[in-house]
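**Student:**
There are 2 protein chains.
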Amino acid sequence: MSTAPTAPATDAVRLARAYLSRVAEPYPAALASLVADVGPIEAADRVRAGGVSPSVTSQTSARRAEEHARADLDLIARRGGRLVIPEDEEWPRWPFLALENVAARRCGGEPLALWVRGPHVLADVVDKAVAVVGSRAASGYGEHVAGEFAFGLASAGLTVVSGAAYGIDGAAHRGALGAGGVTIAVLACGADIAYPGGHQGLLGRVAREGLIVSEYPPGVTPARHRFLTRNRLIAALGGGTVVVEAGRRSGAKNTAAITLALGRPLMVVPGPVTSVSSVGCHELLREGQAESVSSVAEIVESVGRFGDDLATRPAEKESDLGAPQGEAMRVYEALGKRNGVSDEAVSVESGVPLDRVRALLPELELAGLAMQVDQGWQKLEMR
Amino acid sequence: MSTAPTAPATDAVRLARAYLSRVAEPYPAALASLVADVGPIEAADRVRAGGVSPSVTSQTSARRAEEHARADLDLIARRGGRLVIPEDEEWPRWPFLALENVAARRCGGEPLALWVRGPHVLADVVDKAVAVVGSRAASGYGEHVAGEFAFGLASAGLTVVSGAAYGIDGAAHRGALGAGGVTIAVLACGADIAYPGGHQGLLGRVAREGLIVSEYPPGVTPARHRFLTRNRLIAALGGGTVVVEAGRRSGAKNTAAITLALGRPLMVVPGPVTSVSSVGCHELLREGQAESVSSVAEIVESVGRFGDDLATRPAEKESDLGAPQGEAMRVYEALGKRNGVSDEAVSVESGVPLDRVRALLPELELAGLAMQVDQGWQKLEMR
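Protein sequences appear in the order of chains C and G.
The opening residue of the first sequence carries number 0 in numbering that gives the first Met the number 0; numbering runs sequentially from there.
The opening residue of the second sequence carries number 0 in numbering that gives the first Met the number 0; numbering runs sequentially from there.
1) Comparing C-alpha positions only, which one of Arg104/C, Ile183/C and Gly174/C sits nearest to Leu113/C?
2) Note down, in chain order, each residue of its chain lying with its Cβ closer than 6 Å to the Cβ of Ile257/C, except the 5 sequence neighbours on either side.
3) For Leu368/C, does the three-state DSSP call read helix, strand or coil?
4) Does the distance from the C-beta atom of Ser249/C to that of Gly270/C stay below 8 Å?
5) Identify the residues that DSSP records as bridge partners of Val242/G: which are they?
6) Taking only beta carbons into account, state which residues of the region 253-278 of chain C come closer than 8 Å to chain G, listed in chain order.
7) Chain G beta carbons: is any one of them nearer than 8 Å to that of Glu244/C?
8) Would you say Gly325/G lies against chain C (beta-carbon separation less than 8 Å)?
9) Using a Cβ-Cβ cut-off of less than 7 Å, list which residues of the region 201-234 of chain C approach chain G; keep chain order.
10) Given that His281/C touches chain G, what residues does it touch there, using C-beta distances under 7 Å?
11) If you draw a straight line from the alpha carbon of Ala28/G to that of Lys252/G, how long is it in whole angstroms?
12) Which chain C residues sit within Cβ distance under 8 Å of Gly237/G?
13) Please check if any C-beta of chain A sits within less than 8 Å of the C-beta of Ala61/G.
14) Using beta carbons (cut-off 8 Å, strictly below), is Phe350/C in contact with chain G?
15) One question on the structure: do Gly237/G and Ala103/G come within less than 8 Å of each other, judged by their Cβ atoms?
16) For Pro7/G and Ile40/G, what's the separation of their Cα atoms in angstroms?
17) Comparing alpha-carbon positions, which option in Arg116/G, Gly303/G, Met328/G and Leu82/G lies nearest Thr9/G?
18) Could you give the first and the last residue of the continuous beta strand (DSSP E) run that contains Leu113/G?
19) Are any of the Cβ atoms in chain C nearer than 8 Å to that of Glu297/G?
20) Nearest by alpha-carbon distance to Leu379/C: which of Ala163/C, Gly339/C, Asp354/C and Glu147/C is it?
21) Glu290/G and Pro264/G - do their beta-carbons sit closer together than 8 Å?
22) Taking 8 Å as the CB-CB cut-off, is Leu284/G touching chain C?
23) Using CA atoms only, rank isn't needed, just tell me which of Pro216/G, Ala122/G, Glu208/G and Arg285/G is closest to Pro25/G.
24) If you compare alpha carbons, which of Ala164/C, Val275/C and Val267/C is closest to Pro221/C?
25) Grouping DSSP H, G and I as helix and E and B as strand, with all else coil, what is Ala289/C?
26) Quick one, which residues of the region 138-150 of chain C are near chain G if we go by CB-CB under 8 Å, in chain order?
27) Can you give the Cα-Cα distance for Asp87/G and Leu368/C, rounded to whole angstroms?
28) Looking only at its chain, what residues have a beta carbon closer than 6 Å to the beta carbon of Ile75/G, apart from the 5 residues adjacent to it on each side?
29) Counting only beta-carbon separations shorter than 8 Å, does Ser154/G have a partner in chain C?
30) Identify the residues that DSSP records as bridge partners of Thr158/G: which are they?
31) According to DSSP, is Lys336/C part of a helix, a strand, or is it coil?
32) Starting from Gly375/C, follow the beta strand (DSSP E) in both directions and report where the run begins and ends.
33) Report the partner residues of Ile183/C according to the DSSP bridge assignment.
34) Please list the terminal residues of the continuous alpha helix (DSSP H) segment that includes Arg62/C.
35) Which chain G residues sit within Cβ distance under 8 Å of Arg173/C?
36) Give me the chain G residues within the contact set of Met328/C, using Cβ-Cβ distance strictly less than 8 Å, ordered along the chain.
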């Protein structure tokens with residue numbers, strides 16, 4: 000299926016996609032194929048007339064009489080929003096390409112259209128974006144880390160994508176907003192619906208300073224299957240996904256699985272092994288499916304495609320194998336801490352031959368590690 | 000170098016190895032080669048007489064007059080101990096084979112002899128052993144986890160090997176002792192020396208109920224290079240190494256590096272990313288050098304060679320990709336929670352064609368997920 004715009008973004012195209020968006024429950028693979036083949040206007044006409052294949056009929060017959068396109072577009076406009084369609088410049092064309100691979104198709108392909116609220120150009124702000132997700136039943140540790148990481152990512156100019164749920168999602172949105180950054184809340188209900196109810200204020204702020212994005216037309220209420228369908232958009236809009244906390248059966252593990260199917264970097268934050276909220280993260284680590292991230296710098300490094308200017312690699316490390324055979328170290332250890340020790344005693348204590356001891360002591364002195372005193376040689380502490 | 004006994008464990012052999020153990024600071028590679036070539040008695044005689052190669056001379060000349068073998072053997076016997084030599088049945092022949100590979104040789108090879116205190120047969124108790132190590136500057140979390148894991152490993156019949164330091168090491172020894180299990184403290188000083196001082200009581204208990212093991216003859220005091228040399232024995236005696244906590248420059252990272260050089264499984268315990276005590280563990284995870292372990296079962300699984308009787312694999316997991324397209328799930332979600340909903344309304348809400356809705360509702364009823372009420376169909380909660 001092509002992702003290049005096949006037609007200019009006329010009113011008629013937008014109305015057709017608005018209609019199709021309400022008629023079929025995402026993700027309607029057969030309908031999407033039809034739209035790709037004949038274009039949205041012709042596809043909408045055929046659906047209305049019932050002149051479609053059995054598989055498209057099965058996806059559209061229940062709601063094909065629901066002609067709310069104009070009303071839906073008016074409603075979203077009154078809520079400061081718009082319908083973003085593949086024919087628009089701001090359509091996130093590149094991020095959605097990943098949805099077309101075979102593994103990803105199991106979770107649904109590129110959406111037919113997106114209902115969007117907020118002051119940013121969608122394609123621009125997802126150019127450098129990271130999904131930060133996790134359990135609703137988060138711990139204080141998890142919410143703290145989600146908030147700190149989102150703050151740091153937003154401060155570095157990255158967009159934070161999440162799902163507006165209680166717990167990790169909410170902390171991630173708040174952290175990004177706190178840094179004056181951009182955050183995207185991808186909803187499993189209409190973009191006009193404040194769900195969960197306790198996040199009404201947060202969602203209002205995201206709509207004013209970030210973006211609210213939904214595949215569902217206004218008024219559609221959240222349902223279990225919609226969260227799963229929604230998760231693919233979180234994974235697709237983020238350049239990688241950070242799971243901050245996840246219980247054994249957390250929904251965040253679904254987003255993690257989709258991230259892998261999309262071929263995007265999957266990162267998890269380690270936590271105490273005594274915490275049930277980190278069990279899912281540790282499982283993903285242990286199974287080798289996710290990378291461990293402990294800082295914003297590590298997230299930026301893992302997501303990689305943001306470029307070298309943002310990623311800072313730690314300096315090359317010395318080997319931890321050490322040099323236990325080093326005669327100089329053994330001589331150093333044999334020196335007196337408070338009093339001098341004769342070179343013969345140093346030789347016996349260190350097991351280093353006397354002639355080598357006599358050669359090494361001046362070297363240690365030069366290195367500022369030993370000094371000569373009345374009774375012999377004394378150790379100076381390493382800095 | 001062969002690890003098979005080349006001579007019976009006679010008194011003369013034991014005296015020769017006791018002498019060599021004191022004469023050369025571990026690890027004396029050239030001397031070890033000589034012993035492998037001519038046997039310990041002849042090697043000791045040549046060292047005494049000074050008739051050895053320059054490299055062996057360099058390793059032995061400083062202390063070659065120290066003839067304390069008989070006295071050392073008497074002293075360790077008075078402390079309930081013995082000198083275990085490669086010619087003994089209880090020599091840990093197999094665990095030490097790993098010390099002979101090229102990468103491991105950098106840290107030193109098989110010891111010339113081991114000073115041992117305690118009631119167990121060394122080769123027997125290291126047959127199923129795990130090293131549990133970590134920072135002296137451990138957090139309460141780290142000490143708790145080290146103690147719990149050691150308790151669990153000991154309860155499962157495994158021996159816990161550690162280094163008797165403050166922090167993680169001490170917690171590991173105590174955990175194993177608490178389970179009535181066997182623990183081995185490998186020291187960087189004579190087996191008769193209680194170091195660190197605050198662990199005098201703990202070391203006494205390990206000597207009575209576990210084993211104290213040292214490459215150093217009685218009376219030798221701890222020194223920095225001896226800890227590094229000692230770490231290779233901890234890694235070699237454990238079938239794998241668990242690093243519970245490690246700061247960025249913790250000595251536990253040295254034991255970790257040696258474990259990898261030995262080709263043994265390296266495991267780390269995740270912790271809060273906000274804790275400096277877990278930084279080293281997370282680095283090892285992120286670099287892909289260590290496996291994450293969150294439980295005793297995972298440690299046993301990782302170490303593997305203990306066999307299937309101990310390792311319990313979690314049941315095969317379902318895919319987390321879910322089935323967001325499932326019509327049955329969508330029909331279920333569209334049912335009324337408190338009141339019945341007509342099948343037509345279910346069709347519109349779910350987007351599933353009416354005939355499919357009518358087919359699916361009885362299936363949901365049979366599955367105990369829906370029931371017919373006066374006004375239509377009502378949802379029953381999933382268990």
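Glycine included, every Cβ here is placed at the ideal spot set by N, Cα and C.
Just so it is clear, the structure is predicted and the values come from calculations on it, not from any experiment.
**Tutor:** Reading off the structure:
1) In terms of Cα proximity to Leu113/C, the closest of Arg104/C, Ile183/C and Gly174/C is Ile183/C.
2) So the qualifying residues of the chain are Cys106, Asn230, Arg231 and Ala234.
3) Look at Leu368/C here: in three-state DSSP terms it is coil, with no helix or strand label.
4) The answer is no: Cβ separation not under 8 Å.
5) For Val242/G, which the question treats as bridged, DSSP gives the partners Val132/G and Val267/G.
6) Of all residues in the region 253-278 of chain C, Asn253, Ala255, Ala256, Ile257, Ala260, Val268, Pro269, Gly270, Pro271, Val272, Thr273, Ser277 and Val278 have a Cβ within less than 8 Å of some Cβ in chain G.
7) No, Glu244/C does not count as interfacial toward chain G.
8) It does; some Cβ of chain C falls within 8 Å.
9) Along the region 201-234 of chain C, going in chain order, the ones with a CB nearer than 7 Å to a CB of chain G are Ala222, Arg223, His224, Leu227 and Thr228.
10) Contact note: His281/C reaches chain G through Pro269, Ser291 and Ser293, using a C-beta cutoff of 7 Å and chain order.
11) If you take the alpha carbons of Ala28/G and Lys252/G, they lie about 24 Å apart.
12) Taking a Cβ-Cβ threshold of 8 Å, none of the residues of chain C is close to Gly237/G; the smallest such distance is about 17 Å.
13) This model lacks chain A altogether, as its protein chains are C and G.
14) Residue identity check: residue 350/C is Gly in the sequence provided, not Phe. Taking Cβ atoms only, chain G reaches closer than 8 Å to Gly350/C, which makes this a yes.
15) Cβ distance not < 8 Å, so Gly237/G and Ala103/G don't count as in contact.
16) Their Cα atoms are separated by approximately 12 Å.
17) Comparing Cα positions, the closest option is Leu82/G.
18) Leu113 to Arg116 is the extent of the beta strand (DSSP E) around Leu113/G.
19) Judged by the 8 Å Cβ criterion, Glu297/G is in contact with chain C.
20) If we check each option's Cα against that of Leu379/C, Gly339/C comes out closest.
21) For Pro264/G and Glu290/G, yes; Cβs fall inside 8 Å.
22) At a cut-off of 8 Å between C-beta atoms, Leu284/G counts as an interface residue with respect to chain C.
23) Residue Pro216/G is the option with its Cα nearest to Pro25/G.
24) With distances taken between CA atoms, Pro221/C lies nearest to Ala164/C out of Ala164/C, Val275/C and Val267/C.
25) Ala289/C falls in the coil class under three-state DSSP.
26) Correct list: Tyr140, His143 and Val144.
27) Looking at the two C-alpha atoms, the distance is approximately 43 Å.
28) Correct list, in chain order: Trp114 and Pro217.
29) Closer than 8 Å: no.
30) Ala128/G.
31) Reduced to three states, the DSSP call for Lys336/C is coil.
32) Note, Gly375/C: beta strand (DSSP E), Gly375 to Lys378.
33) DSSP lists Val160/C and Leu210/C as the bridge partner or partners of Ile183/C.
34) No alpha helix (DSSP H) contains Arg62/C, which DSSP labels as neither H nor E.
35) By Cβ distance, chain G contributes nothing, its closest Cβ being about 18 Å from Arg173/C, past 8 Å.
36) Here the neighbours are Arg223 and His224.
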